[in-house]
Amino acid sequence: MSGESGSSEQIGKLLGQNLGQKLYEGKAKILYATDNPDVLLTYFKDDATAFNGQKKDSIRGKGEINNAISAHLFKLMESKDIPTHFVEMPSSTQMLVKAVTIVPLEVVVRNIAAGSLCKQTGLELGTAIEPSLVEFYYKDDALGDPLLTIDRIRLMNIASDDDVNTLRTMALQINDVLKEFFNQCGITLVDFKLEFGRDRSGTILLADEISPDTCRLWIQGEPDPKKRVLDKDRFRQDMGNVEEGYQQVLERVLKNSPL
Ligand code: TMP
Ligand code: ASP
C-alpha cells in the first residue's frame, strides 16, 4: 500500500481502525495523534524517494519491512540503555512512538566512504574511515538538507554545544551497537542517518527509523559491488531488486536477533 495522499480515514479504513488526526506526512511515513498526547502513531508507507524527492516510486512491502527492522533495532538500542521513541508495534505497518520535538539535524555516521562523502571529497568508494565520522546536516528540504559545521549550528541556534556533544556521543554508541549486530548478520554497516527528538521533560531520544532507507548495508564477502548492496542505493542507482535487498536485511536481522 502506498499513498502520499492517504487520508487518516482511507488508511484507517484499510487497517480497520479509527486513526487520530494526521499531524505530519513525510516522504516515507505519516504521523497521527492518538488518545494519549504523549504517544503518536507512525504509519510506514511503501513510498520511496531519492535526491530530495526528485525520484519517486513505490516499493512493494517496504513499509512493513522498515517498520519491522526499525522496531527490532530500537528494541536492541533500549536493551543497551540507549533511549528511543519506540513504544510498540501494533500492526505490521504501524509503530507507536513517544511524542517528541524533532531536533532539525540529520546525524550521519560513516564507517566506510560512500555516497556524498565520495562525491564531495574524492575519497574512493569503500575507503575505511577510522575513527568513524559524525556529520550534521540541516533537516530542511527547501534548502536540500545542507551539511553544517559546528559554527553554523551555533550561528543558527539549532542546538546548544552540549546538545551537539550528546548527539555525537549517542550516535557513536548507536554505531557501536549497530556495527556489531550487523556484523553478526554478515552485513557491513557502511553509513547511516539518525534523527533525535526531545520528549516533554527535555530528554533526547533516538527517533525516526533505522532501516535500509536510512543505512548503507553491504553483504560481507560479496565481491560484486552491485550485488553486495542491500539498501536504498538499489533504488537510488536503479540497480533493481530493491524489495529483495530489504527483505534480505529483515531476514538476517530476525535470524540473528539476540532479543
Ligand atoms: P549520503 O552519502 O547521501 O550523504 O548519505 C549518508 C547516509 O544517510 C546513507 O546511509 C543514506 C542516509 N540518508 C538518509 O537517510 N536520508 C537522506 O535524505 C540522505 C541524503 C541520506
Ligand atoms: N530521503 C531523501 C529524499 O528523498 C534522499 C535519499 O534518501 O537519498 O529525498
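Those letters in the sequence shown? Residues 5 to 263, per my numbering, in order. We put the beta carbon where it would ideally sit given N, CA and C, even for glycine.
Option nearest residue i by Cα separation, candidates the options
{"i": "G206", "options": "A103, Q224, N161 and G126", "result": "A103"}
{"i": "D195", "options": "V233, L159, R156 and F55", "result": "V233"}
{"i": "N22", "options": "G249, M174 and A37", "result": "A37"}
{"i": "M226", "options": "I191, F48, L129 and L152", "result": "Residue identity differs from the one stated: residue 226 is Glu in this sequence, not Met. Ranking I191, F48, L129 and L152 by Cα distance to E226 puts I191 first."}
{"i": "R202", "options": "K60, I106 and A132", "result": "I106"}
{"i": "K143", "options": "E184, Q177, E110 and L263", "result": "E110"}
{"i": "M243", "options": "P229, E199, E255 and V253", "result": "P229"}
{"i": "N179", "options": "I86, P41 and L27", "result": "I86"}
{"i": "K31", "options": "D145, N40, L77 and D165", "result": "D145"}
{"i": "N40", "options": "Q25, A54, K49 and K33", "result": "Q25"}
{"i": "G130", "options": "L221, S164 and V43", "result": "L221"}
{"i": "S261", "options": "V113, A163, R172 and F78", "result": "F78"}
{"i": "H76", "options": "K197, A175, K49 and F185", "result": "F185"}
{"i": "M174", "options": "Q188, I162, L210 and D165", "result": "L210"}
{"i": "R256", "options": "N187, K231 and Q241", "result": "N187"}
{"i": "Q58", "options": "G148, C219, L80 and A132", "result": "G148"}
{"i": "L45", "options": "T53, I34 and A54", "result": "I34"}
Residue i burial status per 10 Å Cβ neighbour count (16 or more: buried)
{"i": "Q98", "result": "buried"}
{"i": "K236", "result": "buried"}
{"i": "S9", "result": "A caution first: S9 carries a pLDDT of 44, below 50, which makes its placement in the model unreliable, though a value can still be read off. Under this definition S9 is an exposed residue."}
{"i": "R204", "result": "exposed"}
{"i": "F239", "result": "buried"}
{"i": "G249", "result": "buried"}
{"i": "E199", "result": "buried"}
{"i": "N56", "result": "exposed"}
{"i": "M160", "result": "exposed"}
{"i": "E134", "result": "exposed"}
{"i": "T27", "result": "In the sequence on display, residue 27 carries Leu and not Thr. Exposed is the call here."}
{"i": "D51", "result": "buried"}
{"i": "N115", "result": "buried"}
{"i": "K231", "result": "exposed"}
{"i": "A117", "result": "buried"}
Residue(s) in a DSSP beta bridge with residue i
{"i": "R114", "result": "L137 and D195"}
{"i": "Q98", "result": "Y47 and S95"}
{"i": "G201", "result": "I106 and L209"}
{"i": "R220", "result": "D195"}
{"i": "Y36", "result": "K26 and L45"}
{"i": "Y142", "result": "L109"}
{"i": "V233", "result": "W222"}
{"i": "D61", "result": "A52"}
{"i": "L151", "result": "Y141"}
{"i": "F90", "result": "V101"}
Mind listing, in chain order, the residues whose beta carbon lies closer than 7 Å to a non-hydrogen atom of the ligand ASP? K31, T53, A54, F55, N56, G57, D217, K236 and R240
Would you call the stretch 211-228 in contact with the stretch 146-159, where contact means no fewer than 3 C-beta pairs closer than 8 Å? no
Within 8 Å, do at least three Cβ pairs link the stretch 61-76 to the stretch 88-96? yes
When the Cβ atoms of the stretch 55-65 are set against those of the stretch 124-139, are three or more pairs found closer than 8 Å? no
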